[in-house]
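In my numbering, the protein residues as written are 47 to 235.
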Ligand SMILES: CC(C)(COP(=O)(O)OP(=O)(O)OC[C@H]1O[C@@H](n2cnc3c(N)ncnc32)[C@H](O)[C@@H]1OP(=O)(O)O)[C@@H](O)C(=O)NCCC(=O)NCCS
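Spelled out as structure tokens, the structure:
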């Protein structure tokens, strides 16, 4: 495996991390299999700025030769979040029950194209999720991102359902995955 350095931070990241994350995001998500609109870049930057002010926010960054090559970040969901209501199929009440500290939302993850396949994505998630105290994690991924969904399944995430349709959101539906038992490391399949 190639050498890379991983750093983890809780709370608001430094400005150079913010710039690097936005640059990687725009590079990675501008193009198939992802949907992109003229507002995507700005909306992502605004969401990152807003989320990073949440005290429960944390981010992992991967560096190769001093250059940022990947990131993963998220935050704790408040008990009144709407993730489960947005899935049309009924879900067990024991599953949808929420309390403060039950669920971590993985909001974004990306590794630059040239450095994929070196274990960086797995290491980013293992470190980020391993640092959390929540019981489980949730994420949403675009239905067209088949390779990404295979990556998540290899790491033990389970598909819960497809949410939406959301008016004014591109794409209008997303596949929702859950990883239970965050204290356990992801399986090395
Ligand atoms: C998904 C992504 C983060 C994976 O990063 P990565 O550093 O290449 O992944 P890793 O090298 O850590 O791979 C971990 C495992 O997943 C597998 N895997 C990774 N990408 C895969 C793919 N496209 N298809 C199938 N399996 C894949 C690897 O083979 C590896 O399996 P192994 O440990 O059993 O050998 C990266 O491809 C990426 O940034 N994609 C575009 C952005 C994206 O989809 N972000 C998530 C949005 S929700």
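We treat Cβ as the ideally placed atom computed from N, Cα and C, and that holds for glycine.
Please read these numbers as outputs of a predicted model, since none were measured by experiment.
Residue i beta carbon near ligand 1 (any heavy atom closer than 6 Å)
| i | result |
| --- | --- |
| residue 157 | yes |
| residue 197 | yes |
| residue 120 | no |
| residue 194 | yes |
| residue 163 | yes |
| residue 70 | no |
| residue 67 | no |
| residue 128 | no |
| residue 108 | no |
| residue 74 | yes |
Residue of the options minimising C-alpha distance to residue i
| i | options | result |
| --- | --- | --- |
| residue 166 | 218, 201, 123, 61 | 201 |
| residue 120 | 142, 159, 177 | 177 |
| residue 154 | 161, 219, 118 | 118 |
| residue 77 | 147, 188, 108 | 188 |
| residue 92 | 83, 64, 102 | 64 |
| residue 113 | 50, 87, 130, 103 | 50 |
Alpha carbon of residue i to alpha carbon of residue j, nearest angstrom
| i | j | result |
| --- | --- | --- |
| residue 71 | residue 59 | 16 Å |
| residue 235 | residue 152 | Since pLDDT at residue 235 reaches only 45, below the 50 mark, its modelled position is unreliable, and the value read off the structure follows with that caveat. Rounded to the nearest angstrom, the two C-alpha atoms are 22 Å apart. |
| residue 147 | residue 180 | 5 Å |
| residue 96 | residue 184 | 19 Å |
| residue 157 | residue 135 | 32 Å |
| residue 131 | residue 226 | 19 Å |
Any non-hydrogen atom of ligand 3 closer than 6 Å to residue i Cβ
| i | result |
| --- | --- |
| residue 187 | Ligand 3 is not part of this structure, which contains only ligand 1. |
- Okay, do the stretch 49-63 and the stretch 101-112 touch, 3+ Cβ pairs below 8 Å being the bar? yes
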